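Here is the structure we will look at.
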Amino acid sequence: MPDWRMAWQTTDDLAAFDAAALDFLRAQPTQNTILLSIPSVLRERGLDAYGDGGPRFGWYEDANGAVSAAFVQTPPHPLLVSDLPDEAAARSLVEVLRASGRPLPGINGPQPVAEAVASAWCAETGAVAREGAKHRLYLLGELTWPAPLPAGTARVATEDDLDLLLAWFVDFAEEVGDPVINAERAVVDRLDYGGLTLWEVDGAPVSMAGITRLLEGGGIRVGPVYTPKALRGRGYAAAATAAVCETAFERGAREVSLFTDLANPTSNALYQRLGFRPLGDRVVFRFED
C-alpha cells in the first residue's frame with residue numbers, strides 16, 4: 306500500500322488536471338457539475354477568469370492508481386472539492402494543502418466532506434471555520450412548465466442587453482452574498498454562447514436565467530436566475546427557468562441541474578414544481594485566523 310500522504314497529486318497545469326481527473330469527473334456530471342464548469346470557463350477565458358491568483362488543481366489516487374476524488378481552487382475563492390472516499394483522504398488533503406504554503410480561504414464541498422476537511426484544517430492550524438451558505442443540488446427529471454404561464458415570452462439575450470445584465474448580475478451577487486469578480490467579463494462570456502435568456506413582458510425584460518456551456522459528461526447547469534424585487538411573485542423566474550431548461554436539452558444536455566440556497570424556501574419549492582429533485586447538499590466554510 307502506498308503512503309496515504311502521497312495519494313493526492315497537485316498541479317497548476319489545467320491540461321495535466323484534465324488528463325488525470327476528467328474521466329472521474331464526467332462519470333457523474335451532475336454531482337461534479339462545479340468541478341466541470343470551473344475548468345470549462347478557465348479553458349475559454351484564461352486562468353485569471355476568477356481572480357488574479359493562479360488556480361490549483363488536484364486529484365486523489367487510490368492504491369491502484371485510480372482517481373476517486375478531485376479539487377479545484379481559483380483564488381481568492383474557497384477550494385472546491387468532490388466527494389471523498391474516506392476520512393483518510395480528507396486528512397491527507399489538509400496535509401497537502403498545508404505543505405503547499407499557499408493560503409486557504411475556505412472549503413466548499415458536499416456537506417460531510419466540507420465538515421471533515423474544515424475540522425481537520427482547524428485542528429492542524431488553529432483556524433476557526435465559519436459556516437457560510439448551504440446549497441442544495443437538484444437534478445431535473447421531467448420538465449413541468451408553470452401553469453398558468455405568466456404573460457410574456459422568452460428570448461436569448463444579446464449584446465444590446467449588456468448594461469441591464471451587468472446590473473442584474475451585480476444585484477444577484479450582492480443578494481446571495483457572493484460578489485462577482487469582473488461582472489462584465491462574466492456576462493460577455495455568457496453572451497458569447499447564448500447562455501442568458503430573458504423573460505419579457507411587452508418587450509421589457511422582467512427576469513433572467515442562465516445556463517453553462519455543455520459540460521464534459523453531458524451536463525448543463527442552470528444559473529443564475531434573477532428577478533428584480535419589484536417584479537417578483539408573478540411567475541417570471543419559473544418561466545425563464547423552464548425556457549432555459551428546454552434550451553439546455555436542445556443543446557445536447559443529458560442532465561440539467563441547479564443549486565438553490567437552502568435558506569430560500571421559495572426557490573426550493575419553485576424548482577421542485579418544475580420537476581427538479583434533490584440530490585444532496587453542499588456547504589461553504591470560510592477560515593479565520
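Converting from the sequence shown to my numbering requires adding 305 to each position, the first position being numbered 1. Glycine residues also receive a C-beta, built at the ideal position from the N, C-alpha and C atoms. Every value quoted in this text rests on a predicted model; they were computed, and no experiment measured them.
Fewer than three beta-carbon pairs drawn from the stretch 454–470 and the stretch 422–433 are found closer than 8 Å, and the two stretches are therefore not classed as touching.
In this structure, leucine 347 sits near leucine 319, with a CB-CB distance shorter than 8 Å. Residue pairing by DSSP places aspartate 353 opposite no residue, since no beta bridge is assigned to it. Membership of arginine 490 in the alpha helix (DSSP H) is indicated by the continuous run 488–497. Glycine 524 and isoleucine 343 have their C-alpha atoms some 13 Å from each other.
It is roughly 14 Å from the alpha-carbon of tryptophan 473 to the alpha-carbon of arginine 490.
Looking only at Gln378, Ala553, Glu392, the smallest Cα-Cα distance to proline 408 is reached by Gln378. About 7 Å separates the beta carbons of glycine 500 and threonine 517, which is inside the 8 Å limit, making them a contact pair.
With a cutoff of 8 Å on beta-carbon distance, valine 506 and alanine 545 are scored as not near each other.
The DSSP-derived three-state label of aspartate 323 is helix. Approximately 6 Å separates the beta-carbon atoms of arginine 361 and aspartate 317; this is inside 8 Å, confirming the contact. Residue environment analysis places threonine 565 among the buried positions, since at least 16 neighbouring C-beta atoms fall within 10 angstroms of its C-beta. In the three-state scheme derived from DSSP, where H, G and I count as helix and E and B as strand, leucine 501 is classed as strand. DSSP, read as helix, strand or coil, puts aspartate 566 in strand. A direct Cα-Cα distance of roughly 13 Å separates alanine 368 from aspartate 391. By the Cβ criterion, the stretch 531–540 is in contact with the stretch 471–487, since at least three pairs of Cβ atoms, one from each stretch, lie closer than 8 Å.
Contact annotation: arginine 591 and glycine 437 have beta-carbon atoms nearer than 8 Å.
Taking a cut-off of 8 Å on C-beta distances, the stretch 395–408 does not touch the stretch 571–588, as fewer than three cross pairs fall below it. Tryptophan 450 carries a coil assignment under DSSP once its states are collapsed to helix, strand and coil. Non-local C-beta neighbours of aspartate 594 in its own chain, meaning closer than 7 Å and more than five positions away in sequence, comprise Ala432, ordered along the chain. Here DSSP, grouped into helix, strand and coil, assigns proline 334 to coil. In the structure shown, the three-state DSSP call for valine 422 is helix. In the structure shown, alanine 462 falls within a coil segment according to DSSP collapsed to helix, strand and coil.
The three-state secondary structure of leucine 444, taken from DSSP, is strand. In this structure, Phe376 is the residue among Gly356, Gln336, Thr335, Phe376 with its C-alpha nearest to the C-alpha of aspartate 323. Distances from the CA of proline 453 to each of Ala547, Arg587, Pro417 were compared; the closest alpha carbon is that of Ala547. DSSP places arginine 361 within a strand segment (E or B) once states are collapsed to three. With fewer than 16 neighbouring CB atoms inside 10 Å of its own CB, arginine 435 falls in the exposed class.
With a cutoff of 8 Å on beta-carbon distance, glutamate 551 and leucine 442 are scored as not near each other. About 18 Å separates the CB atoms of valine 386 and glycine 359; that is not less than 8 Å, and the two are not in contact. In this structure, the CA atom of valine 588 is about 12 Å from the CA atom of alanine 421.
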